[in-house]
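Under the numbering used here, the sequence shown is numbered contiguously, ending at residue 156.
Even glycine gets a Cβ: it sits at the ideal position worked out from N, Cα and C.
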Amino acid sequence: MIFDTLANLELYIPMVPHMKTVIDLMDRGEVYKDQPGAYGTPDSNVTYLVTEIEAGNQPGPFMFHRNTTVVEIVLSGHDLLSLAWRENKDSTIGYDNATDTGTLDGDPIAVFQGEEGRFAVFFPGEPYRLGVSSSGQTDKVKRIVFRIAD
Numbered sequence: 007m008i009f010d011t012l013a014n015l016e017l018y019i020p021m022v023p024h025m026k027t028v029i030d031l032m033d034r035g036e037v038y039k040d041q042p043g044a045y046g047t048p049d050s051n052v053t054y055l056v057t058e059i060e061a062g063n064q065p066g067p068f069m070f071h072r073n074t075t076v077v078e079i080v081l082s083g084h085d086l087l088s089l090a091w092r093e094n095k096d097s098t099i100g101y102d103n104a105t106d107t108g109t110l111d112g113d114p115i116a117v118f119q120g121e122e123g124r125f126a127v128f129f130p131g132e133p134y135r136l137g138v139s140s141s142g143q144t145d146k147v148k149r150i151v152f153r154i155a156d
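This is the structure we're talking about:
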């Protein structure tokens with residue numbers, strides 16, 4: 007997992023080569039205007055979702071991907087991001103091959119404040135959770151979720 011500010015996004019191109027596509031899209035600024043939904047990119051290995059959620063007080067299950075690196079960028083609002091041990095995959099609730107998305111139960115080992123100007127990268131197999139309110143109240147969060155096929 008990587009958690010950093012957008013100003014440092016380019017530093018991670020050697021680790022995630024398709025990050026260049028993410029940077030190009032963010033630099034153009036068009037993604038900030040996109041409505042919630044799924045979008046393709048000129049790079050067939052990179053797709054993205056724009057989501058708007060109400061961060062709540064009840065954490066859901068952790069998610070993981072077997073073949074996808076995920077780059078989460080908060081466009082507005084704030085919530086908590088958490089990471090669980092990879093070893094928790096023994097407690098997998100389910101896995102959907104078509105979307106390369108699995109869910110599992112577990113306890114967080116690290117918690118981060120997701121907010122505008124910050125991003126997180128979750129590598130294949132890393133269980134993560136989003137959408138938990140950091141204020142104890144319902145918070146609206148808009149984010150872009152880049153999915154990079156490995």
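Span of the beta strand (DSSP E), counted from its first residue to its last, around residue i
i, result
"Leu31", "Run containing Leu31: none in the beta strand (DSSP E); it sits in the alpha helix (DSSP H), Met25 to Arg34."
"Met21", "It is not in any beta strand (DSSP E) - Met21 carries neither H nor E in the DSSP assignment."
"Val76", "Thr74 to Ser82"
"Asp10", "Ile8 to Thr11"
"Asp145", "Asp145 to Ala155"
"Asp102", "Thr98 to Asp102"
Through-space distance from residue j to residue i, alpha-carbon basis
i, j, result
"Leu31", "Val37", "7 Å"
"Ile8", "Ala126", "5 Å"
"Val56", "Leu136", "14 Å"
"Lys128", "Gly43", "Per the sequence presented here, residue 128 reads as Phe, with Lys not at that position. Approximately 21 Å, taken between the alpha carbons."
"Asp85", "Gly120", "5 Å"
"Asp33", "Thr75", "20 Å"
"Arg149", "Lys39", "11 Å"
"Arg92", "Leu110", "10 Å"
"Val151", "Asp145", "18 Å"
Integer-rounded CB distance, given that residue j should sit under 8 Å from residue i
i, j, result
"Asn51", "Pro130", "Not really, about 13 Å apart at Cβ, beyond 8 Å."
"Tyr134", "Phe68", "6 Å"
"Ala116", "Leu89", "5 Å"
Closer than 8 Å to chain D by CB, residue i
i, result
"Gln41", "No chain D is part of this structure, which consists of one protein chain only."
Three-state class that DSSP yields for residue i in the structure shown
i, result
"Glu93", "helix"
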